[in-house]
Amino acid sequence: MSLPNMTLPNMPVPSVSLPSLLAVHAHPDDESLFSGGVLAQHAAAGARTAVVTTMWWKGATGSPP
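Quick note: the sequence shown uses this note's numbering, first residue 8, plus one each step.
Below, the structure is given as structure tokens:
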């Protein structure tokens, strides 16, 4: 199953002092699907951004990255 192509509106970032932005997601790549645009937009405007991903490996197949 593929995701539809989506175009997000070019929304202006306020010219006020931007806070740091921390995105916490359960799985790697979730930030790309759910908050990547917001993170990129704020980073381009000068905000400090960071991403934390977690994953519980017990019972998972394969090896941790």
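Even glycine gets a Cβ: it sits at the ideal position worked out from N, Cα and C.
How should LEU46 be labelled, buried or exposed, when 16 other C-beta atoms within 10 angstroms of its C-beta is the threshold for buried? buried
What distance in whole Å lies between the Cβ atoms of THR61 and ALA33, which are believed to be in contact at a cut-off of 8 Å? 6 Å
Please tell me whether SER39 and ALA30 are closer than 8 Å, where the distance is taken between their beta carbons. no
Specify the secondary structure class of HIS34 as computed by DSSP and reduced to three states. coil
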